[in-house]
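Down below is the structure, laid out as structure tokens.
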């Protein structure tokens, strides 16, 4: 996970992928060891060997959906919209 996008490196070079955040339509995962990237062209589902941190997922979420943080990753408090 980079500031520009998501890069998957495989030992088989033709399996490696790089996606810019603007190319990604959706992301998801059922637990910290799974991650899914969907673009117009393909969907990749990953079984991760290491846990995907909440901070990393939040960064990708913000970039893909062009949103403000959903919660403060330091305190895990939910962000609230401003009151009028």
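Residue numbers (the working numbering): 87 to 170.
Ideal placement from N, C-alpha and C gives every residue a C-beta, glycine not left out.
- DSSP, reduced to helix, strand and coil, places residue 108 within a helical segment of the structure shown.
- In the three-state reduction of the DSSP assignment, residue 100 falls in the helix class.
- Between residue 125 and residue 110, the gap from beta carbon to beta carbon is short of 9 Å.
- Residue 137 carries a coil assignment under DSSP once its states are collapsed to helix, strand and coil.
- For residue 116, there is no enclosing beta strand (DSSP E), as DSSP marks it with neither H nor E.
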